[in-house]
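Colleague:
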Amino acid sequence: MNPFIQNILAIAALILALGFIITKFFYKKKQSKKSCGGDSDCGCH
Amino acid sequence: MSKQINVALIGNPNTGKTSVFNALTGLNQKVGNYPGITVEKKEGVCKLPRGVKAHIIDLPGTYSLNASSLDENVVIELLLNKNDKDFPDLAVVVSDVENLKRNLLLFTQIKDLEIPTILVINMADRMAYKGISLDLEYLEEHLKTKIALISTRKNQGIERLKSLISNYKDLSISHNIDLTEIDKDYFENLKNAFPNQLIYKLWLVITQDVNFGKTDRNEIDAVANFKTKSKSDLKRLQQKETIKRYQFINEVLKKGQTIDAAQAKDLRMKIDRIITHQVWGYVIFFIILLTIFQAIYDWSSIPMDFIDSTFASLSEWTKNQLPQGTFTSLLAEGIIPGLGGIVIFIPQIAFLFLFISVLEESGYMSRVVFLMDRIMRRFGLSGKSIVPLISGTACAIPAIMATRNIENWKERLITILVTPFITCSARLPVYLIIISLVIPEGRFIGLGYQALTLMLLYLIGFVAAVSSAYILNRVLKIKSKTFFVVEMPNYKLPLLKNVAITVLEKTKSFVFGAGKIILAISIVLWFLASFGPGVDFKNAKEITTKEYASQNLSQEEFQQKVATHKLEHSFIGITGRAIEPAIRPLGYDWKIGIAIVSSFAAREVFVGTLATIYSVGSDEEETIKNRMAGEVNPILGGPLFNFASGISLLLFYAFAMQCMSTLAIVKRETNSWKWPILQLTIMTLFAYIVALIAFQLLK
Chain A
1 MNPFIQNILA
11 IAALILALGF
21 IITKFFYKKK
31 QSKKSCGGDS
41 DCGCH
Chain L
1001 MSKQINVALI
1011 GNPNTGKTSV
1021 FNALTGLNQK
1031 VGNYPGITVE
1041 KKEGVCKLPR
1051 GVKAHIIDLP
1061 GTYSLNASSL
1071 DENVVIELLL
1081 NKNDKDFPDL
1091 AVVVSDVENL
1101 KRNLLLFTQI
1111 KDLEIPTILV
1121 INMADRMAYK
1131 GISLDLEYLE
1141 EHLKTKIALI
1151 STRKNQGIER
1161 LKSLISNYKD
1171 LSISHNIDLT
1181 EIDKDYFENL
1191 KNAFPNQLIY
1201 KLWLVITQDV
1211 NFGKTDRNEI
1221 DAVANFKTKS
1231 KSDLKRLQQK
1241 ETIKRYQFIN
1251 EVLKKGQTID
1261 AAQAKDLRMK
1271 IDRIITHQVW
1281 GYVIFFIILL
1291 TIFQAIYDWS
1301 SIPMDFIDST
1311 FASLSEWTKN
1321 QLPQGTFTSL
1331 LAEGIIPGLG
1341 GIVIFIPQIA
1351 FLFLFISVLE
1361 ESGYMSRVVF
1371 LMDRIMRRFG
1381 LSGKSIVPLI
1391 SGTACAIPAI
1401 MATRNIENWK
1411 ERLITILVTP
1421 FITCSARLPV
1431 YLIIISLVIP
1441 EGRFIGLGYQ
1451 ALTLMLLYLI
1461 GFVAAVSSAY
1471 ILNRVLKIKS
1481 KTFFVVEMPN
1491 YKLPLLKNVA
1501 ITVLEKTKSF
1511 VFGAGKIILA
1521 ISIVLWFLAS
1531 FGPGVDFKNA
1541 KEITTKEYAS
1551 QNLSQEEFQQ
1561 KVATHKLEHS
1571 FIGITGRAIE
1581 PAIRPLGYDW
1591 KIGIAIVSSF
1601 AAREVFVGTL
1611 ATIYSVGSDE
1621 EETIKNRMAG
1631 EVNPILGGPL
1641 FNFASGISLL
1651 LFYAFAMQCM
1661 STLAIVKRET
1671 NSWKWPILQL
1681 TIMTLFAYIV
1691 ALIAFQLLK
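So the sequence lines, in the order shown, correspond to chains A and L.
Following this note's numbering, the numbering of the first sequence begins with 1 at its first residue and continues without gaps.
Following this note's numbering, the numbering of the second sequence begins with 1001 at its first residue and continues without gaps.
Here it is in structure tokens:
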């Protein structure tokens, strides 16, 4: 694989990872009132 | 065009509402054989004949419509507010065949709100054991309703229930009780003052102590003007209403229900006497705990070792098979070791939840709640706090939400504040890896030292929770106390399906929930560990060559020295070394410091972070455990993870508030930043001091 493509892929992974962390912990979407109430919405992970 | 109707599932706690919900909707919401599982409403859709869709709302359990806690409020708010989009077209009251008399109190109240109501009598499979027989026709006629006799365990009667729901328009909405028979003058006056209003609804609004956010304010105010009776008179009237309802229920059940004690084959009382005994009860509980922790260790060691070596090989394979480059290194040194750090704990997490699920399903957990109530009262908390504390062994978030059924605000606040001390599943990976590194594998009377240490950590968490509750109880000066009533459900053979669903869901949530964060953090950490500012990082090879010119290093040793130099001067190395002075007295190096900081997102991240940091620049195929075991303390020499630093780390994680999401939920539940900030400061400070003392004493 071309080193250029490797760099692009690595940077894309970094951007995605940073985006995920920021949306998860800093810019939280307003929670829907229609909560299912189950364990999956506990937000602990 | 399809039509949608709102159906509310209502009932006393632990009557199997959520099981009925799951049977109707095909969803897999958490069920358990102890009260208080549902604290918020849950929603799902059930497809009925003729294209009708039922929007099913599973509401928290309540004994009556006289609300005293937040979760009960959810039920009353919905039933009293016709403007709510979820206001039910139909109420399905779920009752338990063994406690029909008590369950019918709530049924008659809902019926009097003129909402079409179906009575579901659940747990029909228990009738033969208890010698119960029912005259359904008689009951339907006198309760003015339709009845579905079902067994969610055996999946019986669900079709009849669906058919009754689709024909809900045929249901009678006439009352069970005539309120004017309780106090003729008062209710006649009320009727005259508000001729267009439903009298029982007005009565409920008048008598509730709580504030109904969604209920029509004008209506309440108008009624409030009418409130001519004193609070104590209203209470007396409420009692009269309850007595009247029970008189009606007794009358109906006298002919509608027969209980033949001779036919009952019930061992329950005998078993209860032993397992809730004030001495044997605790001994049995202790033995069960020991068995669980020992089994977690014994059963999971083989799959754990297999997973660990598989990830090490996968990392090596990726490095060898893919073309060299940044992305390959990211995969082999960042993502794969990071994910390995979470997948390795699947066996232990699955076994832990298997045991918890079996205990819940069998009905034993309610007995544990009863046993713990005796202890809790001495620390100023009621047994109601025990349900959240026990839920906290899975995760503090739902546990803190479960405090909504505690009526007393201060008692609720204390429970919220102390729950994070309980060992949650996120601490388990940290405990397991550190224990495996610093505690020997030997056994004492058949019990492994490692399993005993794990159990001790769970006990330490519990002791910390109740001790801090005791202190907070004194500081916050709780004057009023809530009473605690726990229903002892029947012992049941755990249903394989329910146990399997719980284990699967919990494990899935652990892997995928934490996995996403760990994956993202591993990627970021790998970049921070693989790049760095300045000449020290850039010229690592030249600097290392100069530094070790006099030593005759092998190629492999030289590469290792270069990698170490690079790591120390990478972004993460610089950050880590900046915080190192603060954690050095605890016996940690800067790499552990980085792992502690990153695990503030979620505790499980700790292991993944170390796995990623130790993998960067390393060419060897090594398991996470071996890499950690091979780390050397840069100042003292010897293994970095030794008994002193290991115990210090275990204690730090036992007490520290290392969870961002828990802080967010505490803020939401207390509606203030004051409590989560106090909680974070005090817990972290306490954890730091205890870890410091432990290391200094043991080193």
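Just so you know, even glycine gets a beta-carbon here, dropped at the ideal spot from N, CA and C.
Pull up the DSSP beta-bridge partners for V1690 of chain L, would you.
Modeller: Along the second sequence, one-based indexing puts residue 1690 of chain L at 690. Answer is none; V1690 of chain L lacks a bridge partner.
Colleague: Below 9 Å between beta carbons is the criterion; list the residues of the stretch 1314 to 1330 of chain L that meet it against any residue of chain A, in chain order.
Modeller: Listed by position along the chain: L1322, P1323, Q1324, G1325, T1326, F1327, T1328, S1329, L1330.
Colleague: N2 of chain A: buried (16+ other C-beta within 10 angstroms of its C-beta) or exposed?
Modeller: Working through the first sequence from its first residue, we reach residue 2 of chain A at position 2. Exposed is the call here.
Colleague: Determine the DSSP secondary structure at E1557 of chain L, reduced to helix, strand or coil.
Modeller: As a position in the second sequence, residue 1557 of chain L is number 557, starting the count at 1. Three-state DSSP puts E1557 of chain L in a helix.
Colleague: Identify the contact partners of F26 of chain A in chain L, using a Cβ-Cβ distance below 8 Å as the criterion.
Modeller: For this step, residue 26 of chain A is matched to residue 26 along the first sequence. Correct list: empty, because the minimum Cβ distance to chain L is about 10 Å.
Colleague: What residue from L:L1553, L:V1524, L:I1275 has the CA that sits closest to I1594 of chain L's CA?
Modeller: The residue you call residue 1594 of chain L lines up with position 594 of the second sequence. Among L:L1553, L:V1524, L:I1275, the Cα nearest to that of I1594 of chain L is on L:V1524.
Colleague: By the criterion of Cβ-Cβ separation under 7 Å, what are the contact partners of F1527 of chain L in chain A?
Modeller: Locating residue 1527 of chain L in the second sequence gives position 527, counting from the first residue. The contacting residues are L14.
Colleague: Mind the definition here: the stretch 1679 to 1693 of chain L touches the stretch 1631 to 1641 of chain L only if three or more C-beta pairs lie below 8 Å; say whether that holds.
Modeller: The answer is no - the stretch 1631 to 1641 of chain L does not touch the stretch 1679 to 1693 of chain L, with fewer than three Cβ pairs under 8 Å.
Colleague: Quickly, what does DSSP pair Q1257 of chain L with across the bridge? List them, please.
Modeller: Here residue 1257 of chain L refers to the residue found at position 257 of the second sequence. Bridge partners of Q1257 of chain L: L:L1134.
Colleague: Just to make sure I have the definition right: I need the residues of chain A whose C-beta is within less than 7 Å of the C-beta of I1523 of chain L. Which are they?
Modeller: In the second sequence, residue 1523 of chain L corresponds to position 523, counting from 1. Near I1523 of chain L (Cβ distances below 7 Å), the residues of chain A are A13, L14, A17.
Colleague: Taking only beta carbons into account, state which residues of the stretch 1591 to 1607 of chain L come closer than 7 Å to chain A, listed in chain order.
Modeller: If the cut-off is 7 Å between Cβ atoms, the stretch 1591 to 1607 of chain L has A1601, A1602 near chain A.
Colleague: In chain A, which residues lie with their C-beta within 8 Å of the C-beta of M1660 of chain L?
Modeller: Residue mapping note: residue 1660 of chain L aligns to position 660 of the second sequence, counting from 1. Residues of chain A passing the Cβ test: F25.
Colleague: Going residue by residue through the stretch 1272 to 1321 of chain L, where are the continuous alpha helix (DSSP H) segments of at least 4 residues, counting only ones entirely within it?
Modeller: Qualifying alpha helix (DSSP H) stretches, in chain order: 1280 to 1321.
Colleague: 7 Å is my cut-off, CB to CB: does F4 of chain A come that close to chain L?
Modeller: The residue labelled residue 4 of chain A in the question sits at position 4 within the first sequence. For F4 of chain A, the answer is no, since every Cβ of chain L falls outside 7 Å of its Cβ.
Colleague: Examine chain L for any beta-carbon lying closer than 7 Å to the beta-carbon of G22 of chain A, and answer yes or no.
Modeller: Locating residue 22 of chain A in the first sequence gives position 22, where the first residue counts as 1. Sequence check: residue 22 of chain A is Ile here, not Gly. Not one chain L Cβ lies under 7 Å of I22 of chain A.
Colleague: Evaluate contact between the stretch 1300 to 1311 of chain L and the stretch 1328 to 1346 of chain L, counting only Cβ atoms and requiring at least three cross-stretch pairs below 8 Å.
Modeller: Cβ pair count under 8 Å is three or more, so yes.
Colleague: State the CB to CB distance for the pair G1044 of chain L and K1017 of chain L, rounded to an integer number of angstroms; the pair is presumed to be in contact (CB under 8 Å).
Modeller: Locating residue 1044 of chain L in the second sequence gives position 44, where the first residue counts as 1. Locating residue 1017 of chain L in the second sequence gives position 17, where the first residue counts as 1. 12 Å between Cβ atoms; not a contact.
Colleague: What in chain A is Cβ-close to A1520 of chain L, meaning under 7 Å?
Modeller: Within the second sequence, residue 1520 of chain L is the residue found at index 520, counting from 1. Going along chain A in sequence order, the residues near A1520 of chain L (Cβ under 7 Å) are A17, F20, I21.
Colleague: For A1312 of chain L versus E1568 of chain L, is the C-beta distance shorter than 7 Å?
Modeller: Start at 1 with the first residue of the second sequence, and residue 1312 of chain L comes out as number 312. Start at 1 with the first residue of the second sequence, and residue 1568 of chain L comes out as number 568. Cβ distance not < 7 Å, so A1312 of chain L and E1568 of chain L don't count as in contact.
Colleague: Could you tell me the distance, in whole angstroms, from the CA atom of P1388 of chain L to the CA atom of G1576 of chain L?
Modeller: Against the second sequence, residue 1388 of chain L aligns to sequence position 388. Against the second sequence, residue 1576 of chain L aligns to sequence position 576. Approximately 37 Å between the Cα atoms of the pair.
Colleague: Given this structure, state the Cα-to-Cα distance separating L1253 of chain L from S1019 of chain L, to the nearest angstrom.
Modeller: Here residue 1253 of chain L refers to the residue found at position 253 of the second sequence. Here residue 1019 of chain L refers to the residue found at position 19 of the second sequence. Roughly 25 Å between the two C-alpha positions.
Colleague: Less than 8 Å between C-beta atoms, sequence neighbours within five positions excluded: which residues of the same chain meet that for F1600 of chain L?
Modeller: Numbered from 1 along the second sequence, position 600 holds the residue referred to as residue 1600 of chain L. Cβ neighbours of F1600 of chain L beyond the five flanking positions: Q1658, C1659, M1660.
Colleague: Residue range of the beta strand (DSSP E) that I1121 of chain L falls in?
Modeller: Numbered from its first residue, the second sequence carries residue 1121 of chain L at position 121. Note, I1121 of chain L: beta strand (DSSP E), 1117 to 1122.
Colleague: Would you mind giving the Cβ-Cβ distance between S1315 of chain L and A1332 of chain L, rounded to the nearest angstrom? I have them listed as a contact below 8 Å.
Modeller: Indexing the second sequence from 1 puts residue 1315 of chain L at position 315. Indexing the second sequence from 1 puts residue 1332 of chain L at position 332. Yes, S1315 of chain L and A1332 of chain L are in contact; Cβ-Cβ is about 5 Å, under 8 Å.
Colleague: Just to confirm before moving on: does the CB-CB distance between I1010 of chain L and V1093 of chain L stay below 7 Å?
Modeller: The count along the second sequence starts at 1 and reaches residue 1010 of chain L at position 10. The count along the second sequence starts at 1 and reaches residue 1093 of chain L at position 93. Contact flag set, yes.
Colleague: Please report how far the alpha carbon of L1459 of chain L lies from the alpha carbon of L1161 of chain L, in whole angstroms.
Modeller: Mapped onto the second sequence, residue 1459 of chain L falls at position 459. Mapped onto the second sequence, residue 1161 of chain L falls at position 161. Those two C-alpha atoms are separated by around 45 Å.
Colleague: CB-CB under 7 Å to I1439 of chain L, same chain, minus the five flanking residues each way: which ones, in chain order?
Modeller: Taking the second sequence and counting its residues from 1, the one referred to as residue 1439 of chain L is at position 439. Contacts found: Y1449, Q1450, T1453.
Colleague: What are the start and end residues of each continuous alpha helix (DSSP H) run of 4 or more residues lying completely inside the stretch 1443 to 1526 of chain L, in chain order?
Modeller: Counting only runs of 4 or more, we get 1449 to 1476, 1496 to 1508.
Colleague: With DSSP run on the structure shown, which of helix, strand or coil describes A1008 of chain L?
Modeller: Taking the first residue of the second sequence as position 1, residue 1008 of chain L is located at position 8. It is a strand residue.
Colleague: Taking Y1653 of chain L as the reference, which of L:L1204, L:I1592, L:R1668, L:I1400 has the closest Cα?
Modeller: For the purposes of this step, residue 1653 of chain L is taken as the residue at position 653 of the second sequence. With distances taken between Cα atoms, Y1653 of chain L lies closest to L:I1592.
Colleague: Mind checking who S1095 of chain L pairs with in its DSSP beta bridge?
Modeller: As a working mapping, residue 1095 of chain L is identified with position 95 in the second sequence. L:I1121.
Colleague: Would you call K1240 of chain L buried or exposed, if buried means 16 or more other Cβ atoms sit within 10 Å of its Cβ?
Modeller: Locating residue 1240 of chain L in the second sequence gives position 240, where the first residue counts as 1. By the 10 Å Cβ count, K1240 of chain L comes out exposed.
Colleague: According to DSSP, simplified to helix, strand and coil, what is D1058 of chain L?
Modeller: Translated into the one-based positions of the second sequence, residue 1058 of chain L becomes position 58. Strand, per DSSP.
Colleague: For T1403 of chain L and L1610 of chain L, what's the separation of their Cα atoms in angstroms?
Modeller: Here residue 1403 of chain L is taken as the residue at index 403 of the second sequence, counted from 1. Here residue 1610 of chain L is taken as the residue at index 610 of the second sequence, counted from 1. T1403 of chain L and L1610 of chain L: Cα-Cα distance of roughly 35 Å.
Colleague: Indicate whether N1006 of chain L and D1112 of chain L have their beta-carbon atoms separated by less than 7 Å.
Modeller: By one-based count along the second sequence, residue 1006 of chain L stands at place 6. By one-based count along the second sequence, residue 1112 of chain L stands at place 112. Cβ atoms of N1006 of chain L and D1112 of chain L: not closer than 7 Å.
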